[in-house]
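*Asks:*
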Amino acid sequence: MTDRDSLTCYRKDDRGILWLWNYVEKIRVKTGYKISTLLHYEQSPFQEISIVETKGFGRMLVLDGTPQVSTKDGFIYNEMISHIPIVTHPDPKKVAMIGGGDCGPAREAMKYAGLEQIDVVEIDQRVTEVCRLWLTPASYYEHDQRVRMVHRDGLEWVQAHKGSYDILIIDRPDPYGPAKKLYKPEFYQHVYDCLTDDGVVVIQSGSPFYNTSTLKGTVNNLRALFPIVRTYLAAIPLFPSGIWSFTLASKKWDPVQADLSRLQHTDTQYLDPEVFRSAFVLPKYVRTIVDEGATEGR
Ligand code: SAM
């Protein structure tokens, strides 16, 4: 049993059509995704893994009933979580992604020739194998000698690799199951310690519209450790509320002063220099959440 069974499920309607229902309890909203084919379904030692073909979003990776990435709009999330920290740091060499999934962020990082090592830390080897089979063949990333797939717990990995990475990308699912520990205050301290002296980290910090506490908690924990903390937004149709936040924290480099000539955007579909800059301009209600959080402390 996952602690999410009650919230999400596959159901057939009265015409026998299969739907995936994702219920977001905090805002009492249920989002339905019409399924043309359920391609894969299993219970791994960590979570329920499924791959579905849908009418609206192409093929989707679904974990514990929650859509993680789709072939239709996955480029938005994966471009925004990867390029921004890699370009914020002027000359990164070693990057680690905590949470591999379909390795979308790793494929974006591979566009930066200056990177020497790209570690993908995924706790669930079955997710890697299922994604290779149904979403992105390993050939798309494992031909690159810099990419190393590591099937370990991300918290243990950052604890064991102090001062090792210029960039950390924390591509965590919502706070349940094996990802819960990636939301605890001590995890942020281990992230800080795992970075080099001028390291940069980006953490997906949820929807500012209904994950308010996740956004506040992420900002507050990072502000307690880093001199520079900035939240940025992207419009991601797959996720409930359609608006998603990422929070960047840096020991030295400020993203708003990044050298955007380094941005590899010839084949991106969402991010370019103007979007990079404007993503950090927050609507007033989001600024209030972020600033309010600062006064509330961790
Ligand atoms: N953006 C990715 C893609 O392109 O597919 C999706 C990543 S998905 C949001 C998050 C991943 O983190 C899942 O594959 C899940 O198995 C993994 N995960 C959850 N808890 C983890 C932990 N403690 N350590 C490492 N990986 C973890």
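Each residue of the sequence shown is one higher than the one before, counting from 21 in the numbering used here. Glycine included, C-beta positions come from ideal geometry on N, C-alpha and C. The model shown is predicted, which means the values in this text are computed figures rather than measured ones.
Out of Y252, Y61, D173, which has the shortest C-alpha to C-alpha gap to L83?
*Replies:* Considering only Y252, Y61, D173, the residue with the shortest C-alpha distance to L83 is Y61.
*Asks:* Taking A199 and A254 to be in contact with their CB atoms under 8 Å, please state how far apart those CB atoms are, rounded to whole angstroms.
*Replies:* Not a contact, Cβ separation roughly 20 Å.
*Asks:* State the DSSP-derived secondary structure class of R127, mapped to helix, strand or coil.
*Replies:* In this structure, R127 counts as helix in the three-state DSSP scheme.
*Asks:* Taking the beta carbon of T86 as the centre, do at least 16 other beta carbons fall within 10 Å, making it buried, or is it exposed?
*Replies:* buried
*Asks:* So the candidates are K54, L59, P65, I96; which of them puts its Cα closest to the Cα of G76?
*Replies:* Among K54, L59, P65, I96, the Cα nearest to that of G76 is on K54.
*Asks:* Can you find the residues in the same chain that come closer than 8 Å, C-beta to C-beta, to M21, ignoring five residues on each side of it along the sequence?
*Replies:* The predicted model places M21 with a pLDDT of 32, which falls under 50 and marks its position as unreliable; any figure quoted below should be read in that light. Counting only Cβ-Cβ distances below 8 Å, and skipping sequence neighbours, we find nothing.
*Asks:* How about E142: is its Cβ closer than 6 Å to a heavy atom in the ligand SAM?
*Replies:* yes
*Asks:* Under 8 Å: do the stretch 112-131 and the stretch 35-47 share three or more Cβ pairs, one atom per stretch?
*Replies:* no
*Asks:* May I have a chain-ordered list of the beta strand (DSSP E) segments no shorter than 3 residues that lie completely inside the stretch 207-295?
*Replies:* Counting whole runs of 3 or more residues, the stretch 207-295 contains the beta strand (DSSP E) stretches 215-226, 248-255, 263-270.
*Asks:* Closer than 6 Å to a non-hydrogen atom of the ligand SAM - does that hold for the CB of V124?
*Replies:* The amino acid at residue 124 is misidentified as Val; the sequence shows Gly. It does: the Cβ of G124 is within 6 Å (strictly closer) of some heavy atom of the ligand SAM.
*Asks:* Compare the Cα-Cα distances from V249 to each of V222, P193, R297, I96 and report the closest residue.
*Replies:* V222
*Asks:* What does a CB cutoff of less than 6 Å around T51 pick up in its chain, not counting 5 residues either side in sequence?
*Replies:* N42, P260
*Asks:* Are there three or more Cβ pairs, one per stretch, closer than 8 Å when the stretch 111-126 is compared with the stretch 233-243?
*Replies:* With a cut-off of 8 Å, the stretch 233-243 and the stretch 111-126 do not count as touching, because too few Cβ pairs lie within range.
*Asks:* State the DSSP-derived secondary structure class of Y30, mapped to helix, strand or coil.
*Replies:* strand
*Asks:* Taking the CB atoms as reference points, tell me whether T288 and E162 lie closer together than 7 Å.
*Replies:* no
*Asks:* Label L153 either buried or exposed according to how many other C-beta atoms from any shown protein chain fall within 10 Å of its C-beta, with 16 as the threshold for buried.
*Replies:* Counting the other Cβ atoms within 10 Å of the Cβ of L153 gives fewer than 16, which makes it exposed.
*Asks:* Taking DSSP as the reference, what is the three-state secondary structure of E162?
*Replies:* In this structure, E162 counts as coil in the three-state DSSP scheme.
*Asks:* To the nearest angstrom, report how far apart R318 and I309 are at their CA atoms.
*Replies:* Low per-residue confidence applies at R318: pLDDT is 47, beneath 50, and the placement is therefore not dependable, though the value from the model is reported in the following sentence. Their Cα atoms are separated by approximately 13 Å.
*Asks:* Should E136 be labelled buried (16 or more other beta-carbon atoms within 10 Å of its own) or exposed?
*Replies:* exposed
*Asks:* Can you tell me where the beta strand (DSSP E) with R168 in it begins and where it stops?
*Replies:* Start and end: 167-170.
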